[in-house]
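Just below is one structure, and these are the notes that go with it.
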């Protein structure tokens, strides 16, 4: 099951450029397969991504299909931000920048 980063106040899911197992770059949800890995690596990862307040991000568990749906909704477009709502559905919005 994928563990992902969610902003505690906005419900935004952390997305960025990633490389899949074929070596292809895509824009999608940053995830870890194991909770221990997510807990250990999330703060250093966020800091390396330029996030100044990593403590504002928490780790949540998504089902595999939910994460895949999130990536589909993003359309490989870094102009979209992803939010996870209380109905457990992804919501995308255009970035203000």
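Numbering (our numbering), first residue to last: 48 to 144.
Don't be surprised by glycine CBs; every beta carbon is placed ideally from N, CA and C.
If you're wondering where the values come from, they're calculated on a predicted model, not measured in any experiment.
Under 8 angstroms, Cβ to Cβ, is there at least one residue of chain C near residue 94? Of the protein chains in this structure there is only one, and it is not chain C.
What distance in whole Å lies between the Cβ atoms of residue 129 and residue 120, which are believed to be in contact at a cut-off of 8 angstroms? The residue you call residue 120 lines up with position 73 of the chain shown. The residue you call residue 129 lines up with position 82 of the chain shown. Going by Cβ atoms, the distance from residue 120 to residue 129 rounds to 7 angstroms, so yes, they are a contact pair.
Going straight from the alpha carbon of residue 85 to that of residue 122, what length do you get? Taking the chain shown and counting its residues from 1, the one referred to as residue 85 is at position 38. Taking the chain shown and counting its residues from 1, the one referred to as residue 122 is at position 75. Approximately 25 angstroms, taken between the alpha carbons.
What is the residue span of the beta strand (DSSP E) that residue 65 lies within? In the chain shown, the residue the question calls residue 65 occupies position 18. Note, residue 65: beta strand (DSSP E), 62-66.
Give, in chain order, every unbroken run of the beta strand (DSSP E) that is at least 3 residues long and sits entirely within the segment 50-129. 50-54, 62-66, 72-76 and 104-108
Report the option in 48, 90, 99 and 103 whose CA atom is closest to the CA atom of residue 79. Taking the first residue of the chain shown as position 1, residue 79 is located at position 32. Checking every option, the nearest Cα to that of residue 79 belongs to 48.
If you reduce the DSSP assignment to three classes, tell me which class residue 135 lands in. The sequence position of residue 135 within the chain shown is 88, counting from 1. Of the three classes helix, strand and coil, the one that applies to residue 135 here is coil, per DSSP.
Relative to the alpha-carbon of residue 67, which residue among 61, 77 and 58 has its alpha-carbon at the smallest distance? Sequence index remark: in the chain shown, residue 67 carries index 20 (1-based). Minimum Cα distance to residue 67 is reached at 77.
Taking 8 angstroms as the threshold (C-beta atoms), are residue 53 and residue 105 in contact? Numbered from its first residue, the chain shown carries residue 105 at position 58. Numbered from its first residue, the chain shown carries residue 53 at position 6. Taking 8 angstroms as the Cβ cut-off, residue 105 and residue 53 qualify as a contacting pair.
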